[in-house]
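S.K.:
Residue numbers (UniProt numbering): 1 to 271.
1. Between the region 16 to 35 and the region 85 to 97, do three or more beta carbon pairs fall short of 8 Å?
2. Start and end of the alpha helix (DSSP H) containing residue 59?
3. Is DSSP giving residue 52 helix, strand or coil here?
4. Within its chain, find whatever has a CB closer than 8 Å to the CB of residue 187; leave out the 5 residues flanking it on each side and keep chain order.
5. With H, G and I counted as helix, E and B as strand and the rest as coil, what does DSSP make of residue 105?
6. Quick check: the Cα distance between residue 68 and residue 100, rounded to an integer number of angstroms?
7. In whole angstroms, what is the alpha-carbon distance linking residue 214 and residue 78?
8. On a Cα-Cα basis, can you pick out the residue from 66, 93 and 177 that is closest to residue 119?
9. Pair every Cβ in the region 181 to 201 with every Cβ in the region 106 to 113, then say whether three or more of these pairs are closer than 8 Å.
10. May I have the straight-line CA-CA distance separating residue 18 from residue 200, to the nearest angstrom?
11. For residue 298, which three-state DSSP category applies?
12. If we call anything under 9 Å between Cβ atoms a contact, is residue 34 one with residue 108?
13. Taking the CB atoms as reference points, tell me whether residue 60 and residue 189 lie closer together than 9 Å.
14. Would a C-beta distance cut-off of 9 Å place residue 93 and residue 20 closer than the cut-off?
15. Report all residues from its chain with a CB closer than 7 Å to the CB of residue 63; omit the five preceding and five following residues, and keep chain order.
16. What do you get for residue 131, buried or exposed, if any count of 16 or more other CB atoms within 10 angstroms of its CB means buried?
17. Indicate whether residue 104 and residue 36 have their beta-carbon atoms separated by less than 9 Å.
18. What do you get for residue 117, buried or exposed, if any count of 16 or more other CB atoms within 10 angstroms of its CB means buried?
19. Alpha carbons only, please: which of 81, 106 and 185 is nearest the one belonging to residue 22?
20. Identify, in the order they occur along the chain, each residue of the same chain with its Cβ nearer than 8 Å to the Cβ of residue 74, setting aside the five sequence neighbours on each side.
21. To the nearest angstrom, report how far apart residue 121 and residue 52 are at their CA atoms.
22. Could one say the Cβ of residue 181 lies closer than 9 Å to chain C's Cβ atoms, at least one of them?
23. Within this structure, are the beta carbons of residue 178 and residue 58 separated by less than 9 Å?
24. Below 6 Å CB to CB, which residues in the same chain sit around residue 259 once its five sequence neighbours on both sides are set aside?
25. Can you tell which of 96, 106 and 70 has the C-alpha that lies nearest to the C-alpha of residue 198?
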């Protein structure tokens, strides 16, 4: 009973190939995953559009970081599914399955490229922000030293203004550190995504070469069939020619026999 139960639940059929139900389920899950991945990329781009506007905030950057992490995890999940689908693209329905895997792989490859380009723009923006914060901090420190040497220069600032300016610089330095940490993390994620992209790119190329091989084999088989049919036609023609030749020989023999009988009859009458 246990063996029968496991067999009924197995994603493989009796020949060891992936069942149609399992394959179709993976295709649906992978397609949904690619759509979700596309939405994550669009969300990153939308939140990046807030950079430099009053709507930009620390929370906005935290959300972008979380989205990039989700994107990285989703890439890994989709990659695993595509690899499983590729292994299942065999058997009697292998050609149809390979067509589906090819399409999903190509779609995923396109979305990964868009995700990478979006993250590269994000990194560029964050680097520019870090550089701006660093220059601003240095500018403030330089101004602070000049005012200290001037002595009376502080008379134009209230104590609250001085502390407020100091708090801004501290916040900026914290923000700079956060952005630098984000840059490192996003860079690491991009390397992982790029590795998945390379793997899927290789899968697409392999599938392409396989399709070319199938086409070549199909064309070869077609040529062989045509040659075989031509040989059959030639054999039929030779067979018909032989049949005609035999009929002709039989006709000539019959004619000669009739002539011989006629000659015998004439001779017999003459006697």
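Even for Gly, the Cβ is constructed at its ideal location relative to N, Cα and C. Being a predicted model, the structure only gives us computed values, none of them experimental.
M.R.: Based on what the coordinates show:
1. yes
2. Counted from its first residue, the chain shown places residue 59 at position 59. Residue 59 -> alpha helix (DSSP H) spans 58 to 88.
3. For the purposes of this step, residue 52 is identified with residue 52 of the chain shown, where counting begins at 1. It is coil, neither helix nor strand.
4. In the chain shown, counting from the first residue as 1, residue 187 sits at position 187. Only 123 meet the Cβ criterion.
5. As a working note, residue 105 is residue 105 in the chain shown. Helix.
6. Translated into the one-based positions of the chain shown, residue 68 becomes position 68. Translated into the one-based positions of the chain shown, residue 100 becomes position 100. Their Cα atoms are separated by approximately 28 Å.
7. Counting from 1 along the chain shown, the entry for residue 214 is found at position 214. Counting from 1 along the chain shown, the entry for residue 78 is found at position 78. Any reading at residue 214 needs caution, since the residue's pLDDT is 44, under 50, leaving its predicted position unreliable; the model's value is listed next. When rounded, the distance between both Cα atoms is 26 Å.
8. Working through the chain shown from its first residue, we reach residue 119 at position 119. Residue 66 is the option with its Cα nearest to residue 119.
9. yes
10. On the chain shown, position 18 is the one that residue 18 refers to. On the chain shown, position 200 is the one that residue 200 refers to. Distance between the alpha carbons of residue 18 and residue 200: 21 Å.
11. The question about residue 298 has no answer, for the chain in this structure spans 1 to 271.
12. On the chain shown, position 34 is the one that residue 34 refers to. On the chain shown, position 108 is the one that residue 108 refers to. Cβ distance < 9 Å, so residue 34 and residue 108 count as in contact.
13. Translated into the one-based positions of the chain shown, residue 60 becomes position 60. Translated into the one-based positions of the chain shown, residue 189 becomes position 189. Cβ atoms of residue 60 and residue 189: not closer than 9 Å.
14. Here the question's residue 93 lines up with position 93 in the chain shown. Here the question's residue 20 lines up with position 20 in the chain shown. It is a contact, given that the beta carbons lie within the stated cut-off.
15. Residue mapping note: residue 63 aligns to position 63 of the chain shown, counting from 1. So the list reads 47, once near-sequence residues are dropped.
16. For the purposes of this step, residue 131 is identified with residue 131 of the chain shown, where counting begins at 1. With fewer than 16 Cβ atoms within 10 Å of its Cβ, residue 131 is classed as exposed.
17. Taking the first residue of the chain shown as position 1, residue 104 is located at position 104. Taking the first residue of the chain shown as position 1, residue 36 is located at position 36. Taking 9 Å as the Cβ cut-off, residue 104 and residue 36 do not qualify as a contacting pair.
18. Mapped onto the chain shown, residue 117 falls at position 117. Per the 10 Å Cβ criterion, exposed.
19. For the purposes of this step, residue 22 is taken as the residue at position 22 of the chain shown. Considering only alpha carbons, the answer is 81.
20. Start at 1 with the first residue of the chain shown, and residue 74 comes out as number 74. Within the same chain, residue 74 has close Cβ partners 33, 36, 37 and 40.
21. Taking the chain shown and counting its residues from 1, the one referred to as residue 121 is at position 121. Taking the chain shown and counting its residues from 1, the one referred to as residue 52 is at position 52. Residue 121 and residue 52: Cα-Cα distance of roughly 14 Å.
22. Of the protein chains in the structure, only one exists, and it is not chain C.
23. For this step, residue 178 is matched to residue 178 along the chain shown. For this step, residue 58 is matched to residue 58 along the chain shown. Yes, the pair counts as a contact, with Cβ atoms nearer than the cut-off.
24. The count along the chain shown starts at 1 and reaches residue 259 at position 259. Closer than 6 Å at the Cβ level, and outside the excluded window around residue 259, lies no residue.
25. Locating residue 198 in the chain shown gives position 198, counting from the first residue. Checking every option, the nearest Cα to that of residue 198 belongs to 106.
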